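Protein chains in written order, with my numbering: chain A, 27 to 393; chain B, 27 to 393; chain C, 27 to 393; chain D, 27 to 393.
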């Protein structure tokens with residue numbers, strides 16, 4: 027019996043996850059069989075077209091009607107819709123994959139994490155960049171001590187789609203719907219990678235900034251207020267003593283999807299950039315400079331699953347790996363990470379950055 | 027009625043094309059419907075497993091049994107098996123996509139091109155790198171005159187899988203089975219891109235080299251003679267007066283799949299590298315340096331088909347684009363390029379390089 | 027009559043400035059004539075050797091003996107020795123070039139700036155990176171509005187000479203002698219460039235960190251306490267509304283002298299790195315990516331003074347340019363920047379970063 | 027008694043060598059003392075100004091008048107003037123440094139080499155790129171076997187100052203004065219590095235091309251014929267079995283002084299580019315990618331002579347190193363390389379490339 031997937035959301039993330047599900051059999055034949063069962067949305071006509079294209083068997087306009095029927099629930103809706111359907115699924119014992127950030131605020135995220143703890147089924151917060159082979163390789167190197175004690179983490183995520191003050195308003199720019207702006211959308215990814223690669227954050231100070239306060243609606247007839255940040259920065263101390271600096275912007279002219287991570291340890295350093303995601307730059311102990319490594323070898327993470335060395339993967343492959351790991355955990359009843367606890371931990375850091383910005387003070391996360 | 031595809035070959039190229047076929051409906055819904063009908067190979071057990079994984083309905087151990095039944099024939103076998111099945115398919119009026127190089131020698135390639143001309147159905151020589159968005163963008167720039175008159179083409183394709191003298195013998199190292207070595211396997215791609223971007227070659231001198239003359243068989247019990255080149259170089263004059271230099275090697279330590287193209291014109295220049303295939307570097311007229319361009323925008327070639335700007339594609343996407351274009355031509359009865367005439371033109375250049383190497387003389391290709 | 031230069035300090039910075047003076051006649055024949063008159067230091071023997079090698083006519087072991095005799099005074103001593111000799115020179119009406127940071131603390135810096143204001147002679151704080159041609163070109167672009175309104179400044183300065191916990195103690199690691207560590211030594215450069223390219227800082231929060239608390243003395247017999255920071259970070263808002271992030275470390279394994287500046291504006295962006303100081307990456311309005319520009323053309327800053335395009339300059343050339351500009355101002359009685367007021371402005375920012383770190387609060391610099 | 031230098035030529039190369047001489051005392055105090063004695067040229071007025079700026083004690087308008095008086099003779103004139111004055115100096119027992127290529131043709135070069143052999147004093151052909159620290163480091167790595175057996179050498183030298191068909195005629199474009207174009211001016215450097223790093227060439231085929239046949243004179247009143255090549259390419263086999271490809275152009279739009287060298291061996295590979303001359307990229311055995319190495323450490327070639335690690339050098343430093351080595355050899359009576367024999371060896375390769383181009387045949391250099 028294949029796992030019946032119910033998926034709320036059918037736009038950008040819906041396509042990314044549906045594609046991942048469709049590709050599993052050919053490249054991960056050991057993954058559990060999956061049925062794209064029901065696609066959930068409100069606009070019936072658009073939904074029907076999407077279900078057809080994305081290969082779902084049926085549709086539903088209310089998640090309440092189907093959330094208990096499916097074997098796995100994917101919550102890919104706007105951030106303010108993450109909590110209620112996910113909690114309902116978990117209460118019905120249905121494993122849930124939820125897009126990031128886990129919720130629009132840390133209160134909702136905490137309720138979700140509580141529901142996950144009570145449910146005893148795998149949950150996933152969809153921090154897909156953990157599943158870039160180069161990032162997994164970075165994690166292996168750090169775990170193996172190749173970088174020594176970590177002194178510095180530096181992460182930034184740069185986009186430029188809002189630099190035009192006439193770029194239209196969308197739900198992502200509304201604090202009630204999205205929670206935050208660049209902070210939650212982009213910063214959440216960076217913070218998750220920081221936790222994955224370096225560990226928990228002990229204290230931080232944060233700064234949010236909005237460059238444009240109102241924008242035209244998509245139809246251009248009126249303007250609406252922007253209530254989220256356009257950019258954020260943060261400086262942190264990790265529990266292990268490392269320093270961290272963080273930054274994201276939607277105003278970084280010339281950068282489309284530039285998520286860059288740099289780590290310096292006592293023995294080595296590494297660098298990663300999402301726009302060249304097949305590469306990891308590593309300065310190993312004894313080396314005189316960074317090696318530019320193409321992480322596509324047979325024995326690299328997921329390397330043997332795809333193509334010969336040097337035949338590069340794309341952004342979407344991270345979703346295939348993520349779905350493979352999550353669905354395998356669902357089928358086996360195994361632990362999965364990053365789960366809702368991880369999502370909550372990130373959310374608390376996002377909240378601390380906002381609090382620090384408002385109060386103009388450093389925030390202690392360990393108390 | 028979906029187009030029934032018969033596919034000879036189920037290893038590396040079989041996976042690449044089967045994956046492309048599987049992905050068309052979700053991302054190219056305007057592509058003709060396709061049925062993965064019959065997979066063809068000699069080893070029944072391996073074939074059955076492959077058909078299952080690659081999603082084929084049935085298998086055949088002799089291409090003769092099925093080549094006339096299918097709507098499209100994909101010939102992905104070793105080079106010396108390109109001619110006979112392809113010609114049989116064409117004689118039955120079946121469109122054929124054949125992997126590159128078109129044949130093991132130019133005589134066989136000429137027979138294939140003749141059969142294609144007689145058949146009046148689309149043919150494809152599978153030079154998939156024409157379908158990298160950055161390459162199509164490069165072609166658009168050149169066609170639009172953005173580079174001015176072309177003065178220089180420089181192409182090299184570097185791999186290193188043979189640098190270890192104990193790397194095992196395979197059919198790719200046998201002149202009877204493969205035709206040539208780095209020249210046909212790698213150089214054919216470079217030469218096709220040169221023709222696509224700059225035009226036909228008028229004269230050239232070539233040089234082939236073999237560093238290791240015999241290698242152990244895969245089981246290690248004996249050695250077999252290597253009868254192809256490990257590396258080649260060529261220097262050419264194009265019909266339009268541009269200079270060209272070409273090189274490929276399987277002994278380029280540290281390079282996995284490094285296919286690099288550089289073009290200088292009177293107004294601008296461009297550079298492309300396959301390991302960073304989402305990027306094109308372009309020096310436009312009036313610019314002070316090369317722009318590093320991420321060719322992933324909505325209006326870039328195939329850009330709107332996939333993901334938002336900056337969400338990079340992989341190597342395999344070239345096959346999706348190639349299959350989309352070829353199958354659309356099949357469905358519509360349109361012209362398709364690169365076809366068997368293009369494959370023959372490349373083959374004649376490969377032959378001229380070999381001839382020049384043997385005779386120590388420049389070869390005129392226009393006579 | 028050549029300008030007689032008195033120079034306090036004959037090690038790293040002494041060599042850099044003496045070399046600059048020596049090179050002026052051949053490449054800047056319009057510079058005022060200069061006599062390397064007196065070299066000042068305490069160790070008579072070392073001083074004599076240095077004066078010989080650096081081309082000084084005589085030596086002095088007490089700056090008091092000569093500071094009023096010379097036409098220009100160069101103060102290249104440790105930071106805690108910047109104030110007294112510089113003020114004495116200024117009180118004697120002698121123009122002063124002082125190495126950066128201007129002083130060990132902002133109180134001393136303020137006294138120096140006051141003395142400069144009272145003296146009515148040119149002063150220089152030796153922020154030599156303003157004199158990299160690529161930085162001057164960046165400034166020209168920004169002044170001309172090519173980047174539009176500036177939204178982001180990002181600066182970091184990475185070195186790794188302290189990552190080994192056994193690296194020996196030196197005066198640079200003592201708060202009384204140096205004032206601060208990475209903050210004043212490296213951060214001062216970044217902050218000066220931020221002021222030069224973007225403008226004044228309105229508020230900031232800062233963070234200092236020390237990884238190693240004591241180190242062996244150079245002779246290895248004992249250990250001494252490290253009382254300065256090994257690394258700092260800061261996040262700031264500029265008076266014009268731009269966001270800024272700053273970082274420096276002496277623990278960034280694999281980085282020798284990696285001073286990187288990135289700026290994003292509403293119309294364009296730019297990037298600069300000191301280890302490739304001949305290059306500026308610029309994303310102009312209408313461009314699809316960053317141009318990698320070699321700033322060595324005839325009409326680039328100082329371009330016509332040296333070699334043909336593409337014949338790159340080195341780190342030391344920044345000193346030649348700096349000395350040319352400063353000495354020309356001295357000879358002409360012109361204004362010079364960056365002067366002691368600029369040095370004080372930077373010092374106040376350094377102090378604000380320390381204050382913010384101590385108090386865990388954002389600091390307002392405009393009040 | 028300082029060595030009295032007589033220098034023929036005071037433009038680009040005159041400045042480069044005069045600067046080198048001027049800088050020796052401060053950075054290479056162990057170099058022999060040198061007196062910039064006499065500067066030689068035909069235009070008295072320009073010569074006097076140059077002597078003043080370059081620091082020469084006196085001038086001469088006929089080299090015959092002074093060539094026997096000086097201790098060292100620098101021949102920096104046009105290529106067709108290399109032979110006669112150099113031979114005269116050697117016949118007088120005066121050591122000679124001559125700019126590259128050694129002569130306008132191989133017959134003249136052979137006479138010069140004969141004179142050098144007869145004179146028993148050091149000679150230098152001024153292939154200054156041997157004295158880039160990164161190139162010397164590359165040589166050390168190869169000599170130490172770090173790259174294993176060399177399989178491939180690839181060198182190209184790209185400039186673009188002639189791509190405009192209205193760029194003015196100069197002596198460099200006249201075969202009688204210059205010998206050849208891009209081949210001798212740029213290719214000579216590449217070929218010298220190939221010999222330095224890999225060894226002698228056994229056979230080659232070459233190709234020359236001219237894109238523009240006549241150009242306006244500098245005053246613009248008339249046009250003059252261009253009689254040299256605008257670009258060349260060559261493919262070669264080294265005596266040790268390595269393959270080599272060579273290319274240079276003055277029509278490579280966007281490239282100012284881009285001299286790039288790539289070498290692949292059985293154990294490792296390396297890359298060097300002149301516009302980033304402080305860096306060497308090396309793929310060592312066991313590494314997963316190229317290390318980007320900043321060759322500025324204390325124990326790198328000439329590293330301890332200049333600045334701390336990461337404080338980069340420029341193009342002109344190659345001349346300082348070259349002059350240091352040559353003058354030390356003169357003072358000590360030691361051997362020096364590259365000498366006139368090396369210059370002749372390069373000249374013979376240049377001639378072989380021309381011969382191959384004319385005859386359309388491969389040329390054997392060992393017979």
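In this text, a Cβ means the ideal position worked out from N, Cα and C, and glycines have one as well. Computed from a prediction, not measured in an experiment: that's the story for all the values here.
Along the stretch 164-187 of chain C, going in chain order, the ones with a CB nearer than 9 Å to a CB of chain A are 173, 174, 175, 177, 178, 180, 182, 184, 186.
Secondary structure within the stretch 160-236 of chain C: the beta strand (DSSP E) runs of 3 or more consecutive residues, fully enclosed, are 176-184, 227-235 (chain order). Against chain A, a Cβ distance below 7 Å from residue 386 of chain C picks out 387, 388.
Near chain B, meaning a CB-to-CB distance below 8 Å, the residues of the stretch 278-311 of chain D are 278, 279, 280, 281, 290, 291, 292, 293, 294, 295, 309. In the three-state DSSP reduction, residue 327 of chain B falls in the coil class, being neither helix nor strand.
Proximity to residue 116 of chain C across C:140, C:133, C:104 peaks at C:140, based on C-alpha coordinates. Between residue 340 of chain A and residue 312 of chain B, the CB-CB gap reaches or exceeds 8 Å. In the three-state DSSP reduction, residue 376 of chain C falls in the helix class (H, G or I). Between the alpha carbons of residue 147 of chain C and residue 111 of chain C lies a distance of about 15 Å. The beta carbon of residue 294 of chain A lies closer than 7 Å to those of 172, 173, 174, 308, 309, 310, 311 in the same chain, with the five residues before and after it left out.
In the three-state reduction of the DSSP assignment, residue 155 of chain B falls in the helix class. Within chain A, the residues placing a beta-carbon under 9 Å from that of residue 320 of chain D are 314, 315, ordered along the chain.
Just so you know, the alpha carbons of residue 185 of chain A and residue 208 of chain B end up roughly 41 Å apart. Rounded to the nearest whole angstrom, the CA to CA distance from residue 48 of chain C to residue 391 of chain A is 56 Å.
In the structure shown, residue 320 of chain A falls within a strand segment according to DSSP collapsed to helix, strand and coil. Remark: fewer than three beta-carbon pairs, one from each stretch, lie closer than 8 Å, so the stretch 373-384 of chain B and the stretch 33-51 of chain C are not flagged as touching. Remark: C-beta atoms of residue 314 of chain D and residue 319 of chain A approach each other more closely than 8 Å. Proximity of residue 392 of chain D to chain B, defined by a Cβ-Cβ separation below 8 Å, is not satisfied.
Assignment of residue 51 of chain B by DSSP, reduced to helix, strand and coil, places it in the helix class.
Within 10 angstroms of the beta-carbon of residue 56 of chain A lie fewer than 16 other beta-carbons, which makes it exposed.
Bounds of any alpha helix (DSSP H) do not take in residue 98 of chain A; it lies within the beta strand (DSSP E) bounded by 98-101. Taking 8 Å as the cut-off, the beta carbon of residue 149 of chain D is found closer than this to the beta carbon of residue 121 of chain D. Within chain A, the C-beta atoms nearer than 9 Å to that of residue 45 of chain B come from 49, 52, 53, in chain order. Taking 8 Å as the CB threshold, residue 38 of chain B lines the interface with chain A.
Burial is judged here by how many other beta carbons sit within 10 angstroms of a residue's own beta carbon; residue 130 of chain C has at least 16 and is buried. In the three-state reduction of the DSSP assignment, residue 368 of chain D falls in the helix class.
CA-CA distance, residue 198 of chain D to residue 165 of chain D, rounds to 31 Å.
With a minimum length of 3 residues, the unbroken runs of beta strand (DSSP E) contained wholly in the stretch 246-331 of chain A fall at 249-251, 257-264, 269-275, 284-291, 295-299, 305-309, 316-320. Put simply, the stretch 69-81 of chain A does not touch the stretch 362-375 of chain A. Fewer than three CB pairs are less than 8 Å apart. At least 8 Å separates the CB of residue 162 of chain A from every CB of chain B. Between residue 236 of chain A and residue 108 of chain A, the alpha-carbon positions lie close to 25 Å from each other.
Three or more beta-carbon pairs drawn from the stretch 280-287 of chain D and the stretch 181-195 of chain D are found closer than 8 Å, and the two stretches are therefore classed as touching. Around residue 273 of chain C, the beta-carbon contacts reaching into chain A at under 9 Å are 178, 180, 261, 269, 271. Counting of Cβ neighbours within 10 angstroms places residue 87 of chain D among the exposed residues, the total staying below 16. At a beta-carbon threshold of 9 Å, the residues of chain B lying near residue 334 of chain A are 38, 187, 282, 283, ordered along the chain.
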